[in-house]
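*Asks:* Quick note on numbering: the sequence shown equals residues 1 to 446 in the UniProt record's numbering. If you scroll down you'll find the structure; I have some questions about it.
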Amino acid sequence: TSLTLDSPPEFPNHHCPNLPSPPRKPLWHNDPIVLYTLSTHIIDAAPFRTCPEFRPLEEESMVSYAEMNNLDPKARQKAPTENVGKTWEWRIQLDESRRAKGGLDVHEWVLWNCVNRYVKKDLDLGDGSSRRRRKGLTLVFVHPIGCNKEVSIHKNLVCLLKSPAGRDVEEIWAWEAVDTGDSALLKEGKLNQMSDWYDSARDFLHFLLHYLPSQITSTTLPAHLPRVSTTAFQHRIDQGFSDSDSDSNRRRRRIIAIGHSFGGNVCACAWSCYTYPRLFSALVLADPGIVRRNHPTLKRTITFLAQFRFSRISSWKSREEAFKSLKKSPFFAPWHPDAFKIYVESGLHSDPQSGEVRLKMHPVYEALANINAKETSEDMYEKLPSLDERVYIKWVIPDPKKGGGIGGLPELSAELVKQRPGYTSSINLSDAAHMIPMEKPDEMGE
1 TSLTLDSPPE FPNHHCPNLP SPPRKPLWHN DPIVLYTLST HIIDAAPFRT
51 CPEFRPLEEE SMVSYAEMNN LDPKARQKAP TENVGKTWEW RIQLDESRRA
101 KGGLDVHEWV LWNCVNRYVK KDLDLGDGSS RRRRKGLTLV FVHPIGCNKE
151 VSIHKNLVCL LKSPAGRDVE EIWAWEAVDT GDSALLKEGK LNQMSDWYDS
201 ARDFLHFLLH YLPSQITSTT LPAHLPRVST TAFQHRIDQG FSDSDSDSNR
251 RRRRIIAIGH SFGGNVCACA WSCYTYPRLF SALVLADPGI VRRNHPTLKR
301 TITFLAQFRF SRISSWKSRE EAFKSLKKSP FFAPWHPDAF KIYVESGLHS
351 DPQSGEVRLK MHPVYEALAN INAKETSEDM YEKLPSLDER VYIKWVIPDP
401 KKGGGIGGLP ELSAELVKQR PGYTSSINLS DAAHMIPMEK PDEMGE
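See the structure below:
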C-alpha cells in the first residue's frame, strides 16, 4: 500500500458519525457589519497513515494520566518527565525502524476531520451586474497543537472582516486535525496511533483536493461534505483551482492558507504547498513549527512543551470551575480575553458519563504531537528554499523581547524568514510571544 492521494472508498451514510458538538454561533453573530454564516462539517481523513498503533500508557509501565490526579505534588512533577522520556523512546524506535527498512510502513485507519465553514451571506444575490467583481478569495486556517479550530481564528476574523480588505473574502474554512477538538471526539477512546505531522499535512491536502467545493456559494452545505468529482480532483492535481468558466462573476478560488505553529508546518510541508504549489496563492505563517536541523534548542523546547502537556489538568466539575482554573495558568495569562473565552467554550466538552467537563484533546495526544514535531520541523526548514517562488509567504514573527518564538532564540526567527528568498515579507508583532493569534488577535487580523 502506498501513501496515495487518490479517492479512497466512499463510506455508507450509516457509517458516518454525527457532529459531536451542537451548532454554535460565531463571535460576530449580533454584528450587522460582519455578514458571514458559520457551519461545521465532517470529512474522512486520508486513509493511509505512517505511524503504527501504540499501547496504552498503563501497559507501558508509565503513570497513566488518570493516576496522576491522585499523586502527591512531588510525584506529580516527576511523572511527566518520565512519561515524556518514554514517548521519546517510541519516536526514536519508529525513526530507527524506518531507516532500517529504507522507507515508511503504511497503516490504514478510519479517522475523521471536522472543518468550520464561514461564508458570505449575499454571494448568490442578483446577476452580478450591480455587485462588486468577485475574486474567489478563500482563507483556510490551520490551528496549533492543543487549540481547536475555533480558538485561533474567531477573534482574528472579526478584525479582518470589518476591514476594507476583508470585503474580498468570500469564504473561510478552519480545518482541524484528527486528534484535536471535535475531530478527536469523533474517535474518543480509539485514537491509539502516534500523531505524525506528515499525516496531518496529508489530511489537510486530502481536504483541499477531495472536499473543498468547486464553487463558492452561500448555499447551505450538508454536515458530511460530498467529495468532488474525479475530474475535479485530477484538475486540482494538474492545475490547482483554475477555472475555465468564462462567467466573470464565478472566478476561480484563490487560496490563502494561514497556519500557526504546527499549523504553519502543515500548510507549507512536503505533503501540501511544497508538493502542490498550484493549490495556493499565498501562505501566512505565524511563528511556524520550522526549525534548523539539529539545533540544540529544538529538542529541549519540544521536551519542555510535552512535559507541560502531560502535567495538565484535563477535567473539572463544571465549565465555570474550568474557566477559573485555567485562568490561573501562566500559559493563558497573555491571551486576549475573547480568545480565552472561546477556548473554554469550544475546547472543552461535557462528559455524559461522568458529568465532568473535559478537554476535547487529551493531554497525552498534545504531548505526542509535540514529540513528533522534530523531523517535520527540520525537514521543512531544508525544503523552504525550493518552495515554489510563485507562492507569496507572509511571515508573522513574535517580538524578540518575548523569548524568540518557537525556537526559543530571536536569531532563529530572523534566520527562518531568510531561508526562502524572493516573494516574501515579514512582520514582528510587538509584545507578542509564540501564541500570536491568541495574544494579539486584532493585530494578527490586520
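Beta carbons are placed, not taken as given, at the ideal position from N, Cα and C, and that holds for glycine.
Look at the Cβ atom of Ser318, then the Cβ atom of Val344, and state whether they are nearer than 8 angstroms.
*Replies:* No.
*Asks:* Might you give, ordered along the chain, the residues of its own chain that have their beta carbon closer than 8 angstroms to the beta carbon of Lys374, omitting 5 neighbours on each side?
*Replies:* Cβ neighbours of Lys374 beyond the five flanking positions: Arg91, Leu298, Lys299, Ile302.
*Asks:* Quick one: using the 10 Å Cβ neighbour count with 16 as the cut-off for buried, is His15 buried or exposed?
*Replies:* Exposed, because fewer than 16 other Cβ atoms sit within 10 Å of the Cβ of His15.
*Asks:* Check Phe204 in the structure and name its three-state DSSP category.
*Replies:* It is helical.
*Asks:* How about Ser218 and Asn113: are their beta carbons less than 8 angstroms apart?
*Replies:* No.
*Asks:* Could you check whether Pro26 and Leu35 sit closer than 8 angstroms to each other, using their CB atoms as the reference points?
*Replies:* Their beta carbons are not under 8 angstroms apart, which means Leu35 does not touch Pro26 by this criterion.
*Asks:* For Tyr118, list the residues DSSP reports as bridge partners.
*Replies:* DSSP, once it has assigned bridges, lists Leu38, Ile172 as partnering Tyr118.
*Asks:* Could you pull the DSSP bridge partners for Tyr343 from this structure?
*Replies:* Answer is none; Tyr343 lacks a bridge partner.
*Asks:* When the Cα of Val110 is compared with those of Ile397, Gly289, Asp199, Gly102, which residue comes out closest?
*Replies:* When only C-alpha atoms are compared, the closest one is Asp199.
*Asks:* May I have the straight-line CA-CA distance separating Arg24 from His295, to the nearest angstrom?
*Replies:* Near 42 angstroms, if we compare the C-alpha coordinates of His295 and Arg24.
*Asks:* Around the Cβ of Asn18, are there at least 16 other Cβ atoms within 10 angstroms (buried) or fewer (exposed)?
*Replies:* Answer is exposed; the Cβ neighbour count stays below 16.
*Asks:* List the DSSP bridge partners of Tyr392.
*Replies:* In DSSP, Tyr392 forms a bridge with Ala282.
*Asks:* Can you tell me the Cα-Cα spacing of Gly405 and Asp124, whole angstroms?
*Replies:* Whole-angstrom Cα-Cα distance: 43 angstroms.
*Asks:* Under the rule that 16 or more other beta-carbon atoms within 10 Å means buried, what is Leu326, buried or exposed?
*Replies:* The residue in question, Leu326, is buried, as its Cβ has 16 or more Cβ neighbours within 10 Å.
*Asks:* Hey, out of Leu186, Ala333, Trp197, Arg236, whose CA is closest to Pro213's CA?
*Replies:* Taking only the C-alpha atoms, the option nearest Pro213 is Arg236.
*Asks:* Thinking C-alpha only, which one of Gly445, Trp197, Asp122 is nearest Pro288?
*Replies:* Minimum Cα distance to Pro288 is reached at Trp197.
*Asks:* Can you give the Cα-Cα distance for Thr230 and His224, rounded to whole angstroms?
*Replies:* For Thr230 and His224, the distance between alpha carbons rounds to 18 angstroms.
*Asks:* Of the choices Met435, Lys440, Asp399, whose alpha-carbon is the least far from that of Ser426?
*Replies:* Selected option, being the one with the closest Cα: Asp399.
*Asks:* Once DSSP output is grouped into helix, strand and coil, what is the label at Leu348?
*Replies:* Of the three classes helix, strand and coil, the one that applies to Leu348 here is strand, per DSSP.
*Asks:* Would you tell me roughly how many angstroms separate the C-alpha atoms of Glu150 and Glu378, rounded to the nearest one?
*Replies:* C-alpha separation (whole angstroms): 28 angstroms.
*Asks:* Taking the alpha-carbon of Ser21 as reference, which of Leu283, Gly403, Gly181 has the nearest alpha-carbon?
*Replies:* The residue with the shortest Cα to Cα distance from Ser21 is Gly181.
*Asks:* Is it right to say Glu170 is buried, meaning 16 or more other beta carbons lie within 10 angstroms of its own, or is it exposed?
*Replies:* It counts as buried.
*Asks:* Taking the continuous beta strand (DSSP E) assigned at His260, which residues delimit it?
*Replies:* Element bounds for His260: 254–260.
*Asks:* Mind the definition here: the segment 135–154 touches the segment 90–109 only if three or more C-beta pairs lie below 8 angstroms; say whether that holds.
*Replies:* The segment 135–154 is not in contact with the segment 90–109.
*Asks:* Name the two residues that bound the continuous alpha helix (DSSP H) containing Ser426.
*Replies:* Note, Ser426: premise wrong, no alpha helix (DSSP H); beta strand (DSSP E) at 424–429.
*Asks:* Please say whether Cys269 and residue 449 have beta carbons closer to each other than 8 angstroms?
*Replies:* There is no way to answer for residue 449, as the model of the chain reaches only from 1 to 446.
*Asks:* Evaluate contact between the segment 358–365 and the segment 388–398, counting only Cβ atoms and requiring at least three cross-stretch pairs below 8 angstroms.
*Replies:* They do not touch, by the three-pair rule.
*Asks:* Who are the near neighbours of Val417 in its chain, counting only those whose CB is closer than 6 angstroms to its CB and skipping five residues on each side?
*Replies:* Excluding residues within five positions, the ones whose Cβ falls inside 6 angstroms are Trp395, Ser426.
*Asks:* Using the C-alpha atoms, what's the distance from Tyr211 back to Pro226?
*Replies:* Those two C-alpha atoms are separated by around 6 angstroms.
*Asks:* How would you call Tyr274, buried or exposed, if buried means at least 16 neighbouring beta carbons within 10 angstroms?
*Replies:* Counting Cβ neighbours within 10 Å, Tyr274 comes out buried, since at least 16 surround it.
*Asks:* Report, in whole angstroms, the separation of the C-beta atoms of Ser152 and Pro437, which I expect to be a contact under 8 angstroms.
*Replies:* So it is a contact: roughly 4 angstroms between Cβ atoms.
*Asks:* Do you know offhand how far His154's Cα is from Pro334's?
*Replies:* So the two alpha carbons sit approximately 17 angstroms from each other.
*Asks:* Between Arg254 and Leu161, how many whole angstroms is the CB-CB distance? I'm expecting something under 8 angstroms.
*Replies:* 17 angstroms between Cβ atoms; not a contact.
*Asks:* Measuring CA to CA, which of His434, Trp173, Tyr365, Leu412 is closest to Glu188?
*Replies:* Ranking the options by Cα distance to Glu188, first place goes to Tyr365.
*Asks:* So which of Leu384, Thr40, Cys159, Lys86 has the shortest CA-CA distance to Gly445?
*Replies:* The candidate whose alpha carbon is nearest that of Gly445 is Cys159.
*Asks:* How about Met380 and Ile290: are their beta carbons less than 8 angstroms apart?
*Replies:* Their beta carbons are under 8 angstroms apart, which means Met380 touches Ile290 by this criterion.
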